[in-house]
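Engineer: When we follow this note's numbering, the leftmost residue of the sequence shown carries the number 435, and every step to the right adds one.
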Amino acid sequence: MAASTAAFAVPQAARHDIDKVNGGITAEAGQAYGELSTVNGGIELGRGASAEDVETVNGGIRAEDEVSAHDVSTVNGGIRFGRQARIDGNLETVNGGIFTDHGSQVRGDVSTVNGGIGLVGTNVEGRIETVNGDVTVGAGSRVKGGILVEKPTGNFGFRLGKQKIPRIVIGPNAVVEGPMVFEREVKLYVHASARTGTITGATAQRYDGATPPKD
435 MAASTAAFAV
445 PQAARHDIDK
455 VNGGITAEAG
465 QAYGELSTVN
475 GGIELGRGAS
485 AEDVETVNGG
495 IRAEDEVSAH
505 DVSTVNGGIR
515 FGRQARIDGN
525 LETVNGGIFT
535 DHGSQVRGDV
545 STVNGGIGLV
555 GTNVEGRIET
565 VNGDVTVGAG
575 SRVKGGILVE
585 KPTGNFGFRL
595 GKQKIPRIVI
605 GPNAVVEGPM
615 VFEREVKLYV
625 HASARTGTIT
635 GATAQRYDGA
645 TPPKD
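1) For the beta strand (DSSP E) containing A461, list its first residue and its last residue.
2) Under the three-state reduction of DSSP, which class applies to S484: helix, strand or coil?
3) Taking all protein chains shown into account, do 16 or more other C-beta atoms lie within 10 angstroms of the C-beta of H450, making it buried, or fewer, making it exposed?
4) With a threshold of 16 other CB atoms inside 10 Å of the CB of V455, please say whether the residue is buried or exposed.
5) Pull up the distance between the alpha-carbon of R576 and that of G555, whole angstroms please.
6) Quick one: is E619 buried, meaning 16 or more other Cβ sit within 10 Å of its Cβ, or exposed?
7) In angstroms, rounded to a whole number, what distance separates the CA positions of I452 and K648?
8) Which residues share a DSSP beta bridge with H450?
9) Using 10 angstroms around the beta-carbon of D535, count the other beta-carbons present and answer buried if the total reaches 16, otherwise exposed.
10) Assign D642 to one of two classes, buried (16 or more other C-beta atoms within 10 Å of its C-beta) or exposed (fewer than that).
11) So, with DSSP's three-state summary, where would you put V577?
12) Of the residues R481, V624, D505, which one's Cα is nearest the Cα of S471?
13) With C-beta atoms as the reference, is G458 less than 8 Å away from G511?
14) Would you kindly report the start and end of the unbroken beta strand (DSSP E) that includes T570?
15) What would DSSP say about Q597, mapped onto helix, strand or coil?
16) Kindly indicate which three-state DSSP category T534 falls into: helix, strand or coil?
17) Verify whether the separation of the beta carbon atoms of G531 and G550 is less than 8 Å.
18) Rounded to whole angstroms, what is the Cα-Cα separation between L582 and E478?
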């Protein structure tokens, strides 16, 4: 069995790093990489590409279908993965949204401060965390670690003007196994076919249709 597995493994030497300060990075479809890192620029991963850590500061991260990676992070930018993604660590941004499509697996947490989180047919082993963002645990998704919406403190998640109330939607046949904890006001909608753990800090509004009520 070991010999058979080794035959399909990618040698570590073949996993070259790409490290930049200014400029975007493109991971070619079907190719294996080590760390992909830039400061000012976006990162794109073609279909079937794999990488270890994927990180930027000022830029978005966009992946096509069947991409695998370990930790994926940015500060100012969104993160978007296509179908059948495999994330062994966390998906994390500060100012930007996060989206994963059907058949994706995330073994760590999915977190943002200022940005929405959307899951469609996705399995998350960790927890969803946000401060000011909307969250949609879409149809057929499963979140094992629960949901935490934190209260803004100091400059963390601070915005001038009227504060938008985060909208949290647990869609048809979705499952949130862990506790859902809301440290600030939210609007929580839970589909009649969905299952959740304990809810603290909010009252769920049930709905039956394909989409939740408008605010």
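We treat Cβ as the ideally placed atom computed from N, Cα and C, and that holds for glycine. On a predicted model such as this, the values are computed, not experimentally measured, just so you know.
Structural biologist: In short:
1) Mapped onto the sequence shown, residue 461 falls at position 27. Residues 459–461.
2) For this step, residue 484 is matched to residue 50 along the sequence shown. Three-state DSSP puts S484 in a strand.
3) Translated into positions along the sequence shown, residue 450 becomes position 16. With fewer than 16 other Cβ atoms within 10 Å, it is exposed.
4) Counting from one through the sequence shown, the residue named residue 455 turns up at place 21. Under this definition V455 is an exposed residue.
5) On the sequence shown, position 142 is the one that residue 576 refers to. On the sequence shown, position 121 is the one that residue 555 refers to. Going by the C-alpha atoms only, they are around 8 Å apart.
6) Counting from one through the sequence shown, the residue named residue 619 turns up at place 185. Taking all protein chains in view, the Cβ of E619 is surrounded by fewer than 16 other Cβ atoms within 10 Å, so the residue is classified as exposed.
7) Taking the first residue of the sequence shown as position 1, residue 452 is located at position 18. Taking the first residue of the sequence shown as position 1, residue 648 is located at position 214. One C-alpha to the other measures close to 44 Å.
8) Within the sequence shown, the letter at position 16 stands for residue 450. Paired residues: Y467.
9) Taking the sequence shown and counting its residues from 1, the one referred to as residue 535 is at position 101. The residue in question, D535, is buried, as its Cβ has 16 or more Cβ neighbours within 10 Å.
10) Reading the sequence shown from its first residue, position 208 is the one you call residue 642. The residue in question, D642, is exposed, as its Cβ has fewer than 16 Cβ neighbours within 10 Å.
11) Position 143 of the sequence shown, counted from the start, is the residue given in the question as residue 577. In the structure shown, V577 sits in a strand (DSSP, three-state: E or B).
12) On the sequence shown, position 37 is the one that residue 471 refers to. Looking at the Cα atoms, D505 is the closest of the given residues.
13) By 1-based counting over the sequence shown, the position of residue 458 is 24. By 1-based counting over the sequence shown, the position of residue 511 is 77. No.
14) Working through the sequence shown from its first residue, we reach residue 570 at position 136. Run containing T570: 569–571, per the beta strand (DSSP E) assignment.
15) To locate residue 597, count along the sequence shown from 1; it is residue 163. Correct three-state label for Q597: coil.
16) Taking the sequence shown and counting its residues from 1, one reaches residue 534 at position 100. Under the three-state reduction of DSSP, T534 is assigned to strand.
17) Position 97 of the sequence shown holds residue 531. Position 116 of the sequence shown holds residue 550. Yes, these two residues count as a Cβ contact at 8 Å.
18) Within the sequence shown, numbered from 1, the residue matching residue 582 stands at position 148. Within the sequence shown, numbered from 1, the residue matching residue 478 stands at position 44. Taking the straight line joining both Cα atoms gives about 29 Å.
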